[in-house]
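*Asks:* Structure in structure tokens, see below.
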Amino acid sequence: SGDPNPDDQDGHGSHTAGTAAAETNNSIGVAGVAFDCKFAAYRAGNYALSTTAIVQSVNDAKNKGALVISMSFSGGISSAIQSALNSAYNAGMVLVAAAGNHGTTQIQYPAGHSFVIGVGASTTTDARANFSAYGSWVSVAAPGVNILSTYKNKGYAFADGTSMACPHVAGCAAILYSMMGGQRNKANSDIVRNALQDSAKS
Numbered sequence: 002s003g004d005p006n007p008d009d010q011d012g013h014g015s016h017t018a019g020t021a022a023a024e025t026n027n028s029i030g031v032a033g034v035a036f037d038c039k040f041a042a043y044r045a046g047n048y049a050l051s052t053t054a055i056v057q058s059v060n061d062a063k064n065k066g067a068l069v070i071s072m073s074f075s076g077g078i079s080s081a082i083q084s085a086l087n088s089a090y091n092a093g094m095v096l097v098a099a100a101g102n103h104g105t106t107q108i109q110y111p112a113g114h115s116f117v118i119g120v121g122a123s124t125t126t127d128a129r130a131n132f133s134a135y136g137s138w139v140s141v142a143a144p145g146v147n148i149l150s151t152y153k154n155k156g157y158a159f160a161d162g163t164s165m166a167c168p169h170v171a172g173c174a175a176i177l178y179s180m181m182g183g184q185r186n187k188a189n190s191d192i193v194r195n196a197l198q199d200s201a202k203s
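All residue numbers for the sequence shown refer to my numbering, where the first residue is 2 and numbers rise by one.
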């Protein structure tokens, strides 16, 4: 956000980061999907996101060798964000984004881009959460109802949303990529993406 303070002020980022990569086997709180994987958190705004900060975050993650980007935000299309993400995709990164909580087939971005894995939310009975966006542009679904994870001020909280579903998939992508040796290239990212989408229950 253009300042030296990385702390999350509204809890959303802390919650999604915990689902993706909280430390495991420490008898504290929750376990992240991508156990033992390194992650970097980018604060692109507080309560409202900055397009410039998102682009800078994507570019920085790409330049520092990240394998996966988890994006728990959605909205209208942005050519600047699309360009940055397309560059990251071509560099061999797996891009994962929340489909949105509007409960319709209206396409949201960045999840709606063909090179991004769009994630809808499922319930505890493996049904579509009534708030979750859906349609052919949504690639997979993951748990997004009553999800317990890390929260701001060293706390824990339950939350619902495709934002909560997205890091489940991103965490899976990180594990798969690491099992392949972590060498970042387009061929490996395509293998990871196809494995996630082709193995999903239809």
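The C-beta atom is built at its ideal place from N, Cα and C for all residues, glycine as well.
Going by DSSP in three states, A92 sits in which element: helix, strand or coil?
*Replies:* coil
*Asks:* Starting from G145, follow its DSSP beta bridges and name the residues at the other end.
*Replies:* G145 is bridged by DSSP to nothing; it lacks a bridge partner.
*Asks:* Taking the CB atoms as reference points, tell me whether A54 and R44 lie closer together than 9 Å.
*Replies:* yes
*Asks:* With distances taken from CA atoms, which of Q184, K155, V141, A49 is nearest P1?
*Replies:* The question about residue 1 has no answer, for the chain in this structure spans 2 to 203.
*Asks:* What are the complete beta strand (DSSP E) segments, minimum 3 residues, inside the region 116-172?
*Replies:* 118-123, 141-144, 148-152, 156-160
*Asks:* With DSSP as the reference, identify every bridge partner of Y110, one or two as the case may be.
*Replies:* G76
*Asks:* Roughly how far, in whole angstroms, is the beta-carbon of M94 from the beta-carbon of A112, given that I think they are within contact range, below 8 Å?
*Replies:* Contact flag wrong, Cβ pair sits at about 15 Å.
*Asks:* Below 8 Å on the Cβ atoms is my contact criterion, and I expect T20 with S150 to pass it. Report the Cβ-Cβ distance as a whole number of Å.
*Replies:* Cβ-Cβ separation between T20 and S150: approximately 5 Å, consistent with a contact (criterion under 8 Å).
*Asks:* Per DSSP, what kind of secondary structure is A35 in: helix, strand or coil?
*Replies:* coil
*Asks:* Sort R194, V117, V193 by Cα distance to S84 and report the nearest one.
*Replies:* V117
*Asks:* I believe S123 touches A130 by the beta-carbon criterion, under 8 Å. Please report the beta-carbon distance rounded to the nearest angstrom.
*Replies:* Indeed, because the Cβ distance is near 6 Å, the residues count as touching under 8 Å.
*Asks:* Taking only the alpha-carbon atoms, compute the straight-line gap between G104 and T52 and give it to the nearest angstrom.
*Replies:* 24 Å
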